[in-house]
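A.B. asks: Input: one structure, supplied below.
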Amino acid sequence: MKSHKTRLTILFSFLCILFCILIGRVVFLTFWNEREVVLKTGDRIMRGAIYDRRGIELAMTVDSATIGIYPANIYDPNFTAVQLAPYLDMSPEKIEAMIREKSRYFLLKREIDESLGNKIMELSLPGVRREKEYKRVYPHGNLASSLVGFTGMDDDRALSGLEVQYNQELMTPTESDSSRGSNLHLTIDGLIQYKLEKALGKRFEETGSKKAIGILMDINTGKILASASFPAFDPNQYNESGEDSHTNWAIRHVYEPGSTMKIFLASVLFNENLIRPDEKFHCPGYVELGKTKIKCTNAHGHLNLEEILQYSCNVGIIKASQRIPEALLYDYMKKFQFGEKTGFLPNESVGYFPPLKKWTPATSMFMAIGQGISVTPIQLVASAASVVNGGRMLTPRVVSHFSDSYGAILHEFKTQESPIGIREYTTEKILRAMTRVVQSGTGKNAYIQEYSIAGKTGTGQKAISGKGYVEGLWSASFLGFFPAERPKIVGLILFDEPKGGTHSGGGLAAPVFKEVVENIIPIIEQGERTLNVSLKHFQRKNLKGTNVGEIPNLIGKSKREALEILRPSGIPVKFHGSGFCYEQEPDPGKKIGDGRLNLYFK
Numbered sequence: 001m002k003s004h005k006t007r008l009t010i011l012f013s014f015l016c017i018l019f020c021i022l023i024g025r026v027v028f029l030t031f032w033n034e035r036e037v038v039l040k041t042g043d044r045i046m047r048g049a050i051y052d053r054r055g056i057e058l059a060m061t062v063d064s065a066t067i068g069i070y071p072a073n074i075y076d077p078n079f080t081a082v083q084l085a086p087y088l089d090m091s092p093e094k095i096e097a098m099i100r101e102k103s104r105y106f107l108l109k110r111e112i113d114e115s116l117g118n119k120i121m122e123l124s125l126p127g128v129r130r131e132k133e134y135k136r137v138y139p140h141g142n143l144a145s146s147l148v149g150f151t152g153m154d155d156d157r158a159l160s161g162l163e164v165q166y167n168q169e170l171m172t173p174t175e176s177d178s179s180r181g182s183n184l185h186l187t188i189d190g191l192i193q194y195k196l197e198k199a200l201g202k203r204f205e206e207t208g209s210k211k212a213i214g215i216l217m218d219i220n221t222g223k224i225l226a227s228a229s230f231p232a233f234d235p236n237q238y239n240e241s242g243e244d245s246h247t248n249w250a251i252r253h254v255y256e257p258g259s260t261m262k263i264f265l266a267s268v269l270f271n272e273n274l275i276r277p278d279e280k281f282h283c284p285g286y287v288e289l290g291k292t293k294i295k296c297t298n299a300h301g302h303l304n305l306e307e308i309l310q311y312s313c314n315v316g317i318i319k320a321s322q323r324i325p326e327a328l329l330y331d332y333m334k335k336f337q338f339g340e341k342t343g344f345l346p347n348e349s350v351g352y353f354p355p356l357k358k359w360t361p362a363t364s365m366f367m368a369i370g371q372g373i374s375v376t377p378i379q380l381v382a383s384a385a386s387v388v389n390g391g392r393m394l395t396p397r398v399v400s401h402f403s404d405s406y407g408a409i410l411h412e413f414k415t416q417e418s419p420i421g422i423r424e425y426t427t428e429k430i431l432r433a434m435t436r437v438v439q440s441g442t443g444k445n446a447y448i449q450e451y452s453i454a455g456k457t458g459t460g461q462k463a464i465s466g467k468g469y470v471e472g473l474w475s476a477s478f479l480g481f482f483p484a485e486r487p488k489i490v491g492l493i494l495f496d497e498p499k500g501g502t503h504s505g506g507g508l509a510a511p512v513f514k515e516v517v518e519n520i521i522p523i524i525e526q527g528e529r530t531l532n533v534s535l536k537h538f539q540r541k542n543l544k545g546t547n548v549g550e551i552p553n554l555i556g557k558s559k560r561e562a563l564e565i566l567r568p569s570g571i572p573v574k575f576h577g578s579g580f581c582y583e584q585e586p587d588p589g590k591k592i593g594d595g596r597l598n599l600y601f602k
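The sequence shown lines up with residues 1 to 602 when you count with the UniProt record's numbering.
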């Protein structure tokens with residue numbers, strides 16, 4: 001009897017222990033694991049936003065929800081699956097199968113809208129958990145996507161573009177807000193970018209081109225106002241597009257510049273007074289360079305240097321280029337930074353420029369028509385700007401500054417430049433010749449009656465390694481400047497391997513340049529006053545960076561107090577010194593407009 005009682009006691013104790021273990025397991029699954037997830041996500045930094053120069057959000061981080069499943073806590077997988085399916089865009093069968101197949105906690109659906117997550121939690125389904133996550137969103141889809149880049153599903157894992165280059169800054173908390181990274185402000189103008197992409201993308205599709213590239217740069221500052229690359233992609237759905245779409249071809253594409261190269265040879269000739277202004281060169285329609293016959297579109301007869309540019313005469317520029325000593329031409333081309341990276345972005349390709357020791361008597365003559373040398377689009381734009389901006393070789397830049405979540409400027413980027421010694425006389429000659437190119441030469445399809453444009457067309461056969469120049473493979477481009485009298489903007493339109501119809505720079509690229517200029521003239525002419533314009537394509541609520549209104553009195557305030565006061569207005573501010581504010585510029589009560597507030601502390 002005693003032995004039987006002992007056995008019952010042992011059995012009862014065992015069952016109690018087993019029951020406690022099971023209860024502990026349930027508590028662990030329902031409480032501890034969830035707590036672990038919350039702590040994991042709660043400690044993460046919210047990635048800083050990326051804005052254009054108007055304050056239009058090109059990339060932003062929002063709260064999202066991820067639905068997790070504890071299979072052991074679900075007693076009716078079919079019922080749970082049927083309840084979840086309408087919210088997750090998944091079939092009940094798939095959800096049920098996943099629940100039955102897995103034994104441990106797993107993520108069923110990531111990065112769903114936070115409101116959907118709330119609705120799912122209202123169902124009070126056993127074994128269903130919601131995790132709070134951050135989701136990277138690109139509000140305007142493919143707008144500047146090849147430049148901005150994208151992140152992975154975890155927004156702290158940058159995969160391409162500026163997201164990668166400035167990942168550390170975007171993910172490092174600021175002094176004023178320990179929960180958020182710095183915001184990145186670009187020189188890109190979203191409105192101009194949209195107009196460029198619209199015109200370029202349409203022609204890209206119509207021509208079936210392999211690539212299409214467009215760049216617009218401020219001639220005097222090196223700021224990139226727009227940079228488009230096709231094929232394009234939507235960074236919100238980057239998995240649905242290929243590597244070609246993700247690549248920023250404005251910095252990666254390497255090609256022979258063709259006749260756009262003529263302006264650089266002409267610049268050297270004018271700058272060094274190697275020809276007389278009225279001196280003419282005869283074009284019979286072709287010229288032989290060894291065994292190679294270089295043709296012109298026509299037998300142009302006798303042309304001076306400006307006319308050679310106007311009609312894009314190959315024979316004329318080849319003959320004129322023989323006036324330039326090889327060493328002198330080499331030095332100029334190095335000043336124009338051919339064969340070098342501009343320093344614009346880290347993954348920039350480098351074109352080819354042969355070292356002087358490899359030059360032959362024909363090198364400079366082929367170079368005059370853009371053969372035997374290769375460039376990237378961004379490098380050509382930067383070099384061309386130096387011809388008309390007073391001889392300043394600028395490093396193109398797309399980043400304006402960093403700010404914190406209150407709008408305070410943390411760091412500003414400056415333009416780097418180096419002088420190359422282009423005379424005003426040279427600039428005048430080149431601009432006059434390129435204006436004639438558009439008025440009555442090969443670039444007449446870029447002509448706008450009410451607005452003067454200067455430019456140069458480029459049409460070149462593509463060379464393939466081991467095969468030489470291939471019939472039917474072309475590169476068509478137009479390099480433009482506007483307004484022609486005193487250019488503010490330099491731009492390039494380029495089509496790589498267009499199919500069917502015209503393949504010339506004048507016939508294909510020039511009309512696109514014209515369309516872009518016509519559409520952005522109001523934006524350019526109004527300048528900074530247009531920064532508060534809101535087009536329907538970019539309407540968003542509470543845009544940061546739209547700065548109007550009167551400045552409050554901040555004298556005597558600490559930095560934190562000043563930031564709290566300024567935060568609702570979004571006024572950009574720069575701090576000088578530390579302590580308490582003793583001076584501000586502009587003064588209290590003044591209109592800030594589109595400027596910046598400077599606060600001085602001691």
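Yeah, the Cβ is synthetic: ideal placement off N, Cα and C, and Gly gets one too.
Alpha carbon to alpha carbon, how far is A72 from L84? Give it in angstroms, no decimals.
C.D. replies: Computed Cα separation, rounded: 17 Å.
A.B. asks: How close, in whole Å, do the beta carbons of A49 and K132 come, if the pair is a contact with beta carbons under 8 Å?
C.D. replies: Not confirmed; about 19 Å, so no contact.
A.B. asks: CB-CB under 7 Å to C283, same chain, minus the five flanking residues each way: which ones, in chain order?
C.D. replies: Answer for C283: C296, A299, H300, G301, L303, C313, V315, G316, listed in chain order.
A.B. asks: Counting Cβ pairs, one atom from each stretch, are 3 or more of them under 8 Å apart for the stretch 400-412 and the stretch 492-505?
C.D. replies: The stretch 400-412 is not in contact with the stretch 492-505.
A.B. asks: On the three-state DSSP scale, how would you describe M393?
C.D. replies: Three-state result, M393: strand.
A.B. asks: Starting from S115, follow the alpha helix (DSSP H) in both directions and report where the run begins and ends.
C.D. replies: First-last of the alpha helix (DSSP H) with S115: 114-122.
A.B. asks: Suppose you measure from the CA of N118 to the CA of L58; what does that come to, to the nearest Å?
C.D. replies: Near 27 Å, if we compare the C-alpha coordinates of L58 and N118.
A.B. asks: With a cut-off of 8 Å, do at least 3 Cβ pairs link the stretch 186-198 to the stretch 263-278?
C.D. replies: As far as the Cβ criterion goes, the stretch 186-198 does not touch the stretch 263-278, which means the pair count is below three.
A.B. asks: Keeping to the same chain, check which residues put their C-beta closer than 7 Å to that of N142; ignore five residues upstream and five downstream.
C.D. replies: The residues are A232, F233, D234.
A.B. asks: Using a Cβ-Cβ distance cut-off of 8 Å, determine whether S241 contacts chain B.
C.D. replies: Looking for chain B here will not work: only one protein chain is present.
A.B. asks: Starting from I520 and walking both ways along the alpha helix (DSSP H), at which residues does that stretch end?
C.D. replies: Here the alpha helix (DSSP H) through I520 covers 510-526.
A.B. asks: Roughly how many angstroms lie between the CA atoms of residue 607 and H185, to the nearest whole one?
C.D. replies: An answer regarding residue 607 cannot be provided, because it is not within the stretch 1 to 602 covered by the chain.
A.B. asks: For the stretch 236-305, which segments carrying the alpha helix (DSSP H) assignment without a break, of at least 4 residues, lie completely within its bounds, in sequence order?
C.D. replies: Complete alpha helix (DSSP H) runs here, min 4: 243-246, 249-252, 262-271.
A.B. asks: Which residue or residues does DSSP assign as beta-bridge partners of M217?
C.D. replies: Answer is I224, V490, bridged to M217.
A.B. asks: What span of residues does the beta strand (DSSP E) with Q461 cover, start to end?
C.D. replies: Segment 454-464, the beta strand (DSSP E) holding Q461.
A.B. asks: Whole angstroms are fine: how far does the CA of S245 sit from the CA of S103?
C.D. replies: Cα to Cα, the separation comes out at about 40 Å.
A.B. asks: Should R276 be labelled buried (16 or more other beta-carbon atoms within 10 Å of its own) or exposed?
C.D. replies: That one is exposed.
A.B. asks: Taking the alpha carbon of T292 as the reference point, which residue from I224, V399, G468 has its own alpha carbon closest?
C.D. replies: The option with the nearest alpha carbon to T292 is G468.
A.B. asks: To the nearest angstrom, how far is it from the Cα of G351 to the Cα of G507?
C.D. replies: Distance between the alpha carbons of G351 and G507 is about 26 Å.
A.B. asks: What distance in whole Å lies between the Cβ atoms of I112 and L88, which are believed to be in contact at a cut-off of 8 Å?
C.D. replies: That belief holds up - the Cβ atoms of L88 and I112 are roughly 7 Å apart, short of 8 Å.
A.B. asks: Measuring only the C-alpha atoms, how far is L216 from S227?
C.D. replies: Spanning the two alpha carbons is a distance of roughly 6 Å.
A.B. asks: Taking S349 and V254 to be in contact with their CB atoms under 8 Å, please state how far apart those CB atoms are, rounded to whole angstroms.
C.D. replies: With 8 Å as the limit, S349 and V254 qualify as a contact, their Cβ atoms being about 5 Å apart.
A.B. asks: Kindly indicate which residue of S452, N445, Q416 has the alpha-carbon position closest to the one of R432.
C.D. replies: Among S452, N445, Q416, the Cα nearest to that of R432 is on S452.
A.B. asks: What is the DSSP secondary structure of L125, reduced to helix, strand or coil?
C.D. replies: Coil.
A.B. asks: Could you tell me the distance, in whole angstroms, from the CA atom of K56 to the CA atom of V148?
C.D. replies: The amino acid at residue 56 is misidentified as Lys; the sequence shows Ile. Taking the straight line joining both Cα atoms gives about 13 Å.
A.B. asks: Can you give me the C-alpha to C-alpha distance between M171 and G579, rounded to a whole angstrom?
C.D. replies: In a straight line, the C-alpha of M171 is about 27 Å away from that of G579.
A.B. asks: Quick check on this structure: which residue in E561, L473, A97 has the alpha carbon closest to the alpha carbon of T207?
C.D. replies: The shortest C-alpha separation from T207 is found at L473.
A.B. asks: Can you tell me whether F106 is buried or exposed, with buried defined as 16 or more other CB within 10 angstroms of its CB?
C.D. replies: Result: exposed.
A.B. asks: Quick one: using the 10 Å Cβ neighbour count with 16 as the cut-off for buried, is G421 buried or exposed?
C.D. replies: Flag for G421 reads exposed.
A.B. asks: Indicate the three-state DSSP secondary structure (helix, strand or coil) for S145 in the structure shown.
C.D. replies: It is helical.
A.B. asks: Apart from the five residues on each side of it in sequence, which residues of its chain come closer than 6 Å, Cβ to Cβ, to N389?
C.D. replies: Excluding sequence neighbours, N389 sits near I219, N220.
A.B. asks: Roughly how many whole angstroms lie between the Cα atoms of M90 and K341?
C.D. replies: Those two C-alpha atoms are separated by around 48 Å.
A.B. asks: Which parts of the stretch 368-425 are runs of the alpha helix (DSSP H), unbroken and 4 residues or longer, counting only runs that do not cross its ends?
C.D. replies: Listed in chain order, they are 377-388.
A.B. asks: Out of G480, K414, E240, Q461, state which residue places its alpha-carbon closest to the alpha-carbon of T442.
C.D. replies: Nearest option by C-alpha distance: G480.
A.B. asks: My output table needs one value for D63: the three-state DSSP class, helix, strand or coil.
C.D. replies: In this structure, D63 counts as strand in the three-state DSSP scheme.
A.B. asks: Residues in the same chain with beta-carbon distance under 6 Å from I565, minus the five sequence neighbours each way, listed in chain order, please.
C.D. replies: The answer, listed in chain order, is P552.
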